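Structure first, commentary second.
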Ligand code: BGC
């Protein structure tokens, strides 16, 4: 399995990046990197699509482009509700937010049996971190740095969802997130475009399987295209200002990776980019997505995003909103009803060319043919239940949770040894905090939660240590609590050998429409934490959250802290195995962990300034020199850097060795433009040694910095990573074959190319450590 992972990493490292040819102004060409397995690129579907299109009336064509929510709404308003009648008239192409085979079949029967052309409906849902088997939230899954794990997780999600008739998921969210105030950071893979691209492709491969038309495959939807994570101030739905250069270098790559992996659909975002809403943006939707990348799938708007062009201020009525959204490239209208109301009229008026309408309808029909819906429109209700929560799914949920945990701190406690793993000599444990046994708050972001599936932390811990040895006191609610609650917690702590605190946010505090201006512990939890630590007992803090929380006091005073995110239905067993050392934490941060909110947006792959500070020693106080780019009251460095995570063993990294001291820009560019598998430009390697006494799973990372280029480049940029296993005392030489992409950049003409530069390369355990090797790129 590890060999396969290495091969997948190497393949994607060498293959997926854009080429110089895919630049502004170059017309759409078939994308050689898109695999035909996704089905939507399969030319044999074209004849079927054309034959059907030919029979359709204008109204039936518009119907295929209308999508409605038929269950619990996941946005404002609910749109129309007269679905039966509309379906019978061929006025609906897709429905979402229903989740059982009985419901999907009932609607499908109307479409297939009562509508004139018998075109099946495609049913969608936000299958974000699993369907019935809920896995860790995407931010946690990404913290595993394990794309193969993600592929397995999403394969299971596809099997379960399709057993209920869901053949389309609105996932993965591949938005780059640099600001922890933005609640939707929880739904993505963090701040890095390289890791984000690896994860994006893994999600797509898992959902779509080896063929889209097998009944257990579901179409992926990479969202929210694009720049949604750059919302100003971290406030959801807010506007964004992103230069073309930044867009291409940071925000577009994960979408491009999803497209190259064969993603069948893309969702256009809510936000405006430089004043033009993403759901009416011809540059991103036409120029980049269709012309440069050759995407042939469906672009679906986000919830009401076409209607929202009016409050955005670029349309004063529905007719204009439809004209702008549709002509910019939005094929399907999610919930706003405006395509239903105005599209036919606009075509009749000649304001929308018939050929453009036909092109969008073709894409929707092609998706349905590719999914095999015309041959198998119904779902077998008798097999639905048995597809859910299968033993292998539950066991994967536990493994995924274990790999998602990030050990942030593990210092010696009062008895001078690291508190974690908890020793078997410990008899009595006090379990304090509001997040240990509260299913709706600790499980996941799934919108159709089934709480009975969760094994809570409390239940698992109680089973492990015995009910009589577990003193369970909540001590506080998430946002409140009383003095008496706190006093009871302090008393329980006093009686215990070890205190485990389960603190943090609840799931409603992250995800959509859950931006926060404060990132500390909500309510009275900080007060509770301080009182419990004051007892002098060894304390382990388990943080539940959908983002990093600013807890400088805790990181100074609590000896052991584990970031658990929201771990899914196996939260309890995974946490207990980790606390007692049956599983050794191996997750690493995919977002820079801030010290205070004022540092946000905070990301490691930032540009330098003309007045940089020496950021190499995070413990160093701010320099005495006043005129530097820094805060007068805070360090520049994060609390914990991107890529950081401890384990129960210790590791030593040797120097970074490089196979060459010089590279030629002209050869690198020739390699970039060559078709087929990328050549290796340089091999970087380093020895990694397990200096501790436990077997380690370590995520080894490789970073590059280019200096002296036409456009300033990040102080470090991730270019590869690998998960390795090291026995105690073992040393492994870890080598990364870097392709030309690792040394190329979006230049001052917005072309992706290599330039003469001074290059530093680090093989390191995170983005802030390691010794650099040097190489020069000459013309
Ligand atoms: C969200 C999308 C989601 C859609 C459908 C919107 O509010 O932004 O991410 O897929 O609702 O539930």
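Numbering (my numbering), first residue to last: 12 to 790. Each residue gets a CB set at the ideal place from its N, CA and C atoms; glycine is no exception. Keep in mind that this is a model prediction, so the values were computed, not measured.
Of 129, 510, 581, 671, the smallest CA-CA separation from residue 465 is found for 581. By the neighbour-count definition (other C-beta atoms within 10 Å, threshold 16), residue 163 is a buried residue.
Inter-residue distance for residue 486 and residue 443 is about 6 Å (C-alpha atoms, whole angstroms). Look at the beta carbons and you see the stretch 617-625 not touching the stretch 497-508: under three pairs across the two are nearer than 8 Å.
A Cβ-Cβ separation of about 5 Å places residue 522 in contact with residue 194 under the 8 Å criterion.
By the CB criterion at 9 Å, residue 276 and residue 308 fall inside the cutoff. As DSSP reads the structure, residue 682 sits in no beta bridge. The C-alpha of residue 212 is placed about 9 Å away from the C-alpha of residue 267. Residues lining the ligand BGC by the Cβ criterion, that is a Cβ closer than 5 Å to any of its heavy atoms, are 85, 86, 137, 181, 313, 314 in chain order. Counting C-beta atoms within 10 angstroms of its own C-beta, residue 493 has fewer than 16 neighbours from the protein chains shown and is therefore classed as exposed. Relative to residue 204, the option among 766, 729, 751, 780 whose CA is nearest is 729. A direct Cα-Cα distance of roughly 8 Å separates residue 418 from residue 571.
If you check the CB distance, residue 601 and residue 192 do not come in under 9 Å. Residue 589 sits in a helix when the DSSP states are folded into three classes. With contacts defined by Cβ atoms closer than 9 Å, residue 154 and residue 207 do not form a contacting pair. Taken through DSSP and simplified to helix, strand or coil, residue 262 comes out as helix. If you look at residue 564, you'll find it in the alpha helix (DSSP H) that goes 563-568. Here the alpha carbons of residue 99 and residue 341 stand approximately 25 Å from one another. In this structure the stretch 680-688 touches the stretch 742-757; the number of beta carbon pairs closer than 8 Å is three or more. Residue 788 and residue 717 have their C-alpha atoms some 9 Å from each other. Taking 9 Å as the cut-off, the beta carbon of residue 329 is found closer than this to the beta carbon of residue 352. Collapsing the DSSP output to three states places residue 288 in a strand. In this structure, 315 is the residue among 315, 336, 357 with its C-alpha nearest to the C-alpha of residue 90. For the 9 Å CB-CB criterion, residue 371 and residue 336 do not form a contact. Under a 10 Å Cβ-count criterion, residue 391 is classified as exposed, with fewer than 16 other Cβ atoms of the shown protein chains found around its own Cβ. Here residue 52 is buried: its Cβ has 16 or more other Cβ atoms, across all protein chains shown, within 10 Å.
The beta carbon of residue 79 sits closer than 7 Å to the beta carbons of 90, 91, 94, 103, 106, 346 from its chain, once the five residues preceding and following it are set aside; these are given in chain order.
A direct Cα-Cα distance of roughly 37 Å separates residue 674 from residue 646. The secondary-structure analysis by DSSP pairs residue 522 with nothing; it has no beta-bridge partner. Taken atom to atom, the span from the alpha-carbon of residue 210 to that of residue 642 is near 34 Å. Contact check for residue 775 against residue 712 passes: the beta carbons are separated by less than 9 Å. Comparing alpha carbon positions, the residue from 610, 724, 483 closest to residue 644 is 610. The alpha carbon of residue 763 has as its nearest neighbour, out of 246, 189, 157, 259, the alpha carbon of 259.
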